[in-house]
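S.K.: Per the numbering used here, residue 416 is the first one in the sequence shown, and the count goes up by one each step. For reference, the structure I am asking about is given below.
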Amino acid sequence: MYDRWEAKLFSIKHDIKRIRTNYMRIRKSIQKKVKNKNLQNKLLTKYGFRERKRVEDKLKKVSTILAEIAKEYNADLVRESLRDLKLNGKKKSKQLNYRLSSFPYRKFITYIDYKFYERGLNVVEVNAKKSSITCPICGCVDKGNRVDKETFSCRRCGFAFNAQYVACLNLFSRSNDGVVAIRSGRIYLIHRSTVRPPKWWWSM
Ligand SMILES: [Zn+2]
C-alpha cells in the first residue's frame with residue numbers, strides 16, 4: 416500500500432443536459448399540438464426512443480474517454496457511492512433529485528464501471544456526504560466554505576478552489592482515509608498517519 420497517491424483533475428464537457436432539455440421541449444409541443452391520441456403516443460414513443468439512443472451514445476463516449484485517460488495513467492477511479500441513490504423517494508434530497516432528473520447518473524455509473532473493469536482498472540466507492548462543504552486540505556466542515564455554485568473557500572485555512580474539483584478532492588481523500596496536499600500544481604493524498612501541520616499543504 417502506498418501512503419502517497421497522486422490525483423489528476425480535469426473535466427469532460429458533454430451536452431447531455433441540453434439534449435434532454437431539447438427533447439422535453441419536443442414532448443411538450445407534441446402533447447400540446449397533436450390532438451389525436453394514437454398519433455400522439457406514436458410520436459412520443461418515437462422521440463423517446465431517439466432521446467434514449469442519443470443520451471446513451473453520449474454516456475458511452477464520455478465513459479470511454481474517462482477510462483482511456485485512466486488507463487494512460489494506470490489510475491483507478493474514485494466515485495461516490497451509489498448507496499444514497501438506491502434509497503427510494505423519501506430520503507433523497509432536493510439537490511440529488513435534481514441531479515438525477517437532469518443527468519442519468521445511475522446509467523452513467525454502470526457504463527463507467529464496465530469500461531474500467533474492462534481495462535483492468537479499479538473503481539473505488541466512497542461516501543460523498545458533505546463532500547461539497549468539506550475542506551480537502553484541513554478537513555474543516557462548514558456550509559460557509561461553499562461560497563457559491565462555482566467557488567469553494569475554506570473559512571479555516573483559506574484554501575480556495577473550484578467547487579466541483581473540491582468535491583472530487585474530498586472523494587479522493589476518502590478513498591484512503593487521508594488528506595489532500597497540493598504542491599507545485601500536483602495533488603497528493605497523504606494518509607492520516609503521516610500528516611504534517613496544515614501550513615505545508617498547499618502552495619499552487
Ligand atoms: Zn481548510
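Quick reminder that beta carbons are idealized off the backbone N, C-alpha and C, glycines included. Only a predicted model underlies this, so the values are computations on that prediction, with no experimental measurement involved.
Could you tell me the boundaries of the alpha helix (DSSP H) in which Glu565 lies?
M.R.: Glu565 -> no alpha helix (DSSP H), and no H or E assigned at all.
S.K.: Beta carbon of Leu576: closer than 7 Å to some heavy atom of ligand 1?
M.R.: For the record, residue 576 in the displayed sequence is Phe; it is not Leu. Incorrect: Phe576 has no Cβ contact closer than 7 Å to ligand 1.
S.K.: Using DSSP with H/G/I as helix, E/B as strand and the rest coil, what is Leu458?
M.R.: Looking at Leu458 - three-state DSSP - the assignment turns out to be helix.
S.K.: So is the beta-carbon of Cys583 under 7 Å away from any non-hydrogen atom of ligand 1?
M.R.: Cys583 Cβ: outside cutoff for every heavy atom of ligand 1.
S.K.: Does the contact criterion of 3 or more C-beta pairs under 8 Å hold for the stretch 450-462 versus the stretch 478-488?
M.R.: Result no; under three Cβ-Cβ pairs closer than 8 Å.
S.K.: In the DSSP assignment, what residue or residues form a beta bridge with Leu497?
M.R.: None, per the DSSP bridge assignment.
S.K.: Relative to the C-alpha of Val562, which residue among Pro551, Gly554, Cys553 and Ala575 is closest?
M.R.: Nearest of Pro551, Gly554, Cys553 and Ala575 to Val562, Cα basis: Ala575.
S.K.: What would DSSP say about Ile597, mapped onto helix, strand or coil?
M.R.: Reduced to three states, the DSSP call for Ile597 is strand.
S.K.: Which residue from Lys473, Tyr438, Leu474 and Lys475 puts its Cα closest to that of Leu458?
M.R.: The shortest Cα separation from Leu458 among Lys473, Tyr438, Leu474 and Lys475 belongs to Tyr438.
S.K.: Between Arg654 and ligand 1, is there a pair consisting of the residue's CB and a ligand heavy atom that are separated by less than 7 Å?
M.R.: Limits of the chain in this structure are 416 at one end and 619 at the other, which puts residue 654 out of reach.
S.K.: Does the beta-carbon distance from Asn541 to Leu586 come in below 8 Å?
M.R.: Reading the sequence as shown, one finds Val at residue 541 and not Asn. Contact: yes.
S.K.: Are the C-beta of Leu584 and some C-beta of chain B separated by less than 8 Å?
M.R.: Absent from the structure: chain B. Only one protein chain is present.
S.K.: Given this structure, state the Cα-to-Cα distance separating Gln446 from Thr436, to the nearest angstrom.
M.R.: Each residue's alpha carbon lies about 15 Å from the other.
S.K.: Under 7 Å: does the beta carbon of Arg571 sit that close to some heavy atom of ligand 1?
M.R.: Correct: Arg571 has its Cβ closer than 7 Å to ligand 1.
S.K.: Suppose you measure from the CA of Tyr532 to the CA of Ala543; what does that come to, to the nearest Å?
M.R.: If I take the Cα positions, the gap works out to 22 Å.
S.K.: Is Asn503 helix, strand or coil by DSSP?
M.R.: At Asn503, the pLDDT of 48 sits below 50, so the modelled position is not reliable; the number obtained from the coordinates is stated separately. Coil, per DSSP.
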